[in-house]
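Read through the structure below, which is laid out as structure tokens, and then see the notes.
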Amino acid sequence: MTATATLTTYKMYIDGQWVDAASSDHFESDDPFRASPWALIPRGTPADVDRAVRAAHKAFACGEWPKLTASRRGALVRRLGDLITEHSQRLAEVEVRDNGKLYAEMSMQTAYMAQWYHYYGGLADKIEGAVLPTDKPDTFNYTRYEPLGVVAAIIPWNSPLLLTTWKLAPALAAGNTVVIKPSEFTSASVLELMKLVEQAGFPPGVVNVVTGFGADVGAPLVEHPLVAKVAFTGSDVTGQRIYEAAARGLKHVTMELGGKSPNIVFDDAEIDNAVKGAISGIFAATGQTCIAGSRLLVQQTIHDQFLDRLVAFAKTAKMGNPMDAGTQIGPVTNKPQFEKILNYIDIAKGEGARAVLGGGRATRPECGSGWFVEPTIFEGVNNQMRIAQEEVFGPVLSVIPFKDEEEAIAIGNDVVYGLAAGVWTQNMRRALTMAEKLQAGTVWINTYRAVSYLSPFGGYKRSGIGRESGQEMIKEYLQVKSVWISTATTVPNPFIQR
Ligand code: NAI
Ligand code: MG
166 MTATATLTTY
176 KMYIDGQWVD
186 AASSDHFESD
196 DPFRASPWAL
206 IPRGTPADVD
216 RAVRAAHKAF
226 ACGEWPKLTA
236 SRRGALVRRL
246 GDLITEHSQR
256 LAEVEVRDNG
266 KLYAEMSMQT
276 AYMAQWYHYY
286 GGLADKIEGA
296 VLPTDKPDTF
306 NYTRYEPLGV
316 VAAIIPWNSP
326 LLLTTWKLAP
336 ALAAGNTVVI
346 KPSEFTSASV
356 LELMKLVEQA
366 GFPPGVVNVV
376 TGFGADVGAP
386 LVEHPLVAKV
396 AFTGSDVTGQ
406 RIYEAAARGL
416 KHVTMELGGK
426 SPNIVFDDAE
436 IDNAVKGAIS
446 GIFAATGQTC
456 IAGSRLLVQQ
466 TIHDQFLDRL
476 VAFAKTAKMG
486 NPMDAGTQIG
496 PVTNKPQFEK
506 ILNYIDIAKG
516 EGARAVLGGG
526 RATRPECGSG
536 WFVEPTIFEG
546 VNNQMRIAQE
556 EVFGPVLSVI
566 PFKDEEEAIA
576 IGNDVVYGLA
586 AGVWTQNMRR
596 ALTMAEKLQA
606 GTVWINTYRA
616 VSYLSPFGGY
626 KRSGIGRESG
636 QEMIKEYLQV
646 KSVWISTATT
656 VPNPFIQR
């Protein structure tokens, strides 16, 4: 039992106020490197959700926010981006502490995050309706794009700040108000972000955060009648549950769900580059990314040679304290996930896959008591095994051989997911064919993991609905209204059909 006096105690942010939960209860958030609690987070209840949604609804309907011109609104969103740049180091440190992400990754990610606020802030006053041609005499018809209302943003634990940003920046730029529910495993960084929301000068109620568990906060948030849209990132199982609940209220949804992405290496690839791409595909963020290239498809002709080089490279990875600049693979973010990954490793062994690297908990001295899993590579995997079909969300790679292009496409697409795919080849015809045939929202050729505020991101099949990022995607936070005006001097007699 930890002395609670040593823990950092957070408050939630509702209606411009820093508050405890209605119940006054808290729960602990762990530091995965030390495998021990470091912060206390308010344990939100349905009453807190109701309060936050009502505040957001009020801020949407009246007060300063709806009166702001689009240019002023955009300037506020850009100001938030500036503050994130200014405080990126602090945000990064909190994320490392609570999530176990590498500081080396986070310091770049928090700085890059500001781009979404600058980009969508700039777009706020470029949301243009149209004057449409008409087939009716003496009429004038135009469209206007309007915000939806209260947006519920439900966030997972793997990249809390970035995934909040992907929703918050366009939602605000479009004129909505937002209630954020971070993951119970990683609430601290999103609460730190609220300090910057406050400092930027958003009117009270425009952005709110309710912390707590899925059943106490997430579910009542999705079901609240004053919520107009749910923007979710997380597992497909929870996504499906949320989609069903949102359907009962006929709400708008966007969903970024899981993946089992194929990273496909042909024998005509630049092998050194492909090795690096395979490594970053699975071991970046300790494999805890929706885009993880967790199935490595290698052409039979180079299979053994490629695997040797891959294993040799992966062996060089340094594990340890995620705050240290030299650390290359950090801990797993939470204990249930740590246990889940170890369980999948056992399942893979039971299915007959052979671990050619790792295959268990990391007991290196520099890992201490943290939740570390050795970078693990399985060979002898066939695509029907559970280790090839299910999202592990950890540093566990399944290597699957293939014969030719046709077989690579068949295996690549033979999963329920379709988030991303990588292709390594120097043959342009092959690259273009693969880009066309792979069922995935993102295809990378001779690279992996590129994402940007400029480009749409999202999933095919069970990997999601709708897209995030890019110019068009602001429409996910807008609805269109058609306005008809008659310029006729008299209204015709309605009883005479014309
Ligand atoms: P989850 O998808 O259950 O949770 C994501 C968010 O949804 C959290 O904020 C959670 O509190 C909330 N939530 C849970 N139940 C809810 C409900 N009924 N209504 C509304 N909100 C609800 O993910 P979880 O439990 O954190 O991780 C489980 C597995 O999901 C992981 O082992 C991993 O495989 C996968 N995962 C995938 C992610 C991805 O981006 N593809 C991200 C995080 C987890
Ligand atoms: Mg934590």
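Under this note's numbering, the first residue of the sequence shown carries the number 166, and numbering increases by one thereafter. Ideal Cβ positions, reconstructed from N, Cα and C, are used throughout, including at glycine.
#1: Identify every run of the alpha helix (DSSP H) within the region 305–352, keeping only runs that are complete inside it and at least 4 residues long; order them along the chain.
#2: By the three-class DSSP mapping on this structure, what secondary structure does L562 have?
#3: Express the C-alpha separation of R594 and A479 in angstroms, rounding to a whole number.
#4: Measure from the alpha carbon of P312 to the alpha carbon of each residue in N341, E633, A450 and S651, then state which is nearest.
#5: Hey, how far is the Cα of T308 from the Cα of F397?
#6: Considering only heavy atoms of the ligand MG and the C-beta of each residue, which residues fall inside 7 angstroms, strictly closer?
#7: Using DSSP with H/G/I as helix, E/B as strand and the rest coil, what is S201?
#8: Tell me the rounded alpha-carbon separation between F431 and F567.
#9: Note down, in chain order, each residue of its chain lying with its Cβ closer than 6 angstroms to the Cβ of R474, except the 5 sequence neighbours on either side.
#10: For the beta strand (DSSP E) that contains L415, what are its first and last residues?
#11: Rounded to whole angstroms, what is the Cα-Cα separation between A186 and N428?
#12: Taking 7 angstroms as the cut-off, is the C-beta of T398 nearer than that to any heavy atom in the ligand NAI?
#13: Is the separation between the beta-carbon of G624 and that of G583 shorter than 8 angstroms?
#14: In this structure, what does DSSP give as the bridge partners for L643?
#15: What did DSSP end up calling V520 once you bin it into helix, strand or coil?
#16: Find the nearest neighbour of V316 within the set P390, Q274, G635 and L172, judged by alpha-carbon distance.
#17: Counting only the same chain and skipping the five closest in sequence on each side, list residues whose C-beta sits under 6 angstroms from that of V362.
#18: For the putative contact between S354 and E260, defined by C-beta atoms under 8 angstroms, what is the C-beta separation to the nearest angstrom?
#19: The ligand NAI and I444: does any heavy atom of the ligand fall closer than 7 angstroms to the residue's C-beta?
#20: Whose C-beta lies closer than 6 angstroms to the C-beta of P211 among residues of the same chain, with five residues either side of it excluded?
#21: Going by DSSP in three states, A396 sits in which element: helix, strand or coil?
#22: Helix, strand or coil for I456, going by three-state DSSP, please let me know.
#23: Are the CB atoms of A380 and V242 within a distance shorter than 8 angstroms?
#24: Using beta-carbon positions only, say whether P487 and W536 come within less than 8 angstroms of one another.
#25: Can you list, in chain order, the residues of its chain whose CB lies under 6 angstroms from that of L337, leaving out five sequence neighbours each side?
#26: From the DSSP output, read off the bridge partner residues of A600.
#27: With H, G and I counted as helix, E and B as strand and the rest as coil, what does DSSP make of H222?
#28: Could you compute how far the alpha carbon of S459 sits from the alpha carbon of T275?
#29: Within 7 angstroms: the Cβ of G379 and any heavy atom of the ligand NAI?
#30: Would the beta-carbon of L507 fall within 8 angstroms of that of R526?
#31: Could you pull the DSSP bridge partners for L116 from this structure?
#32: Going by beta carbon distance, what residues of the same chain come within less than 8 angstroms of K505, once the five residues before and after it are set aside?
#33: Can you tell me whether L256 is helix, strand or coil according to DSSP?
#34: Kindly confirm or deny that the region 227–245 and the region 280–293 touch, where touching means at least three C-beta pairs closer than 8 angstroms.
#35: Nearest-angstrom Cα distance between R614 and I444?
#36: Going by DSSP in three states, R526 sits in which element: helix, strand or coil?
Taking the definition as stated:
#1: 325–338
#2: strand
#3: 31 angstroms
#4: N341
#5: 28 angstroms
#6: Result (chain order): S194, D195, D196, P197, D263, N264, F350, T351, T498 and N499.
#7: DSSP places S201 in strand when its eight states are reduced to three.
#8: 9 angstroms
#9: V440
#10: Counting along the chain, L415 falls outside any beta strand (DSSP E), and DSSP gives it neither H nor E.
#11: 44 angstroms
#12: Indeed, a heavy atom of the ligand NAI lies less than 7 angstroms from the Cβ.
#13: By the CB criterion at 8 angstroms, G624 and G583 fall inside the cutoff.
#14: P312
#15: Reading the sequence as shown, one finds Ala at residue 520 and not Val. In the structure shown, A520 adopts extended strand secondary structure according to DSSP, grouped into three states.
#16: P390
#17: V372
#18: 4 angstroms
#19: Outside the cutoff, so no.
#20: So the list reads P385, once near-sequence residues are dropped.
#21: When secondary structure is reduced to three states using DSSP, A396 falls in the strand class.
#22: coil
#23: no
#24: Going by C-beta atoms, P487 is not nearer than 8 angstroms to W536.
#25: Answer for L337: V242, listed in chain order.
#26: The partner list for A600 (beta bridge, DSSP) is empty, contrary to what the question assumes.
#27: helix
#28: 25 angstroms
#29: yes
#30: yes
#31: Not covered by the structure: residue 116. The range shown for the chain is 166 to 663.
#32: Scanning its chain for C-beta atoms nearer than 8 angstroms, with the 5 sequence neighbours on each side dropped, one finds around K505 the residues V557, F558 and G559, in chain order.
#33: helix
#34: yes
#35: 11 angstroms
#36: strand
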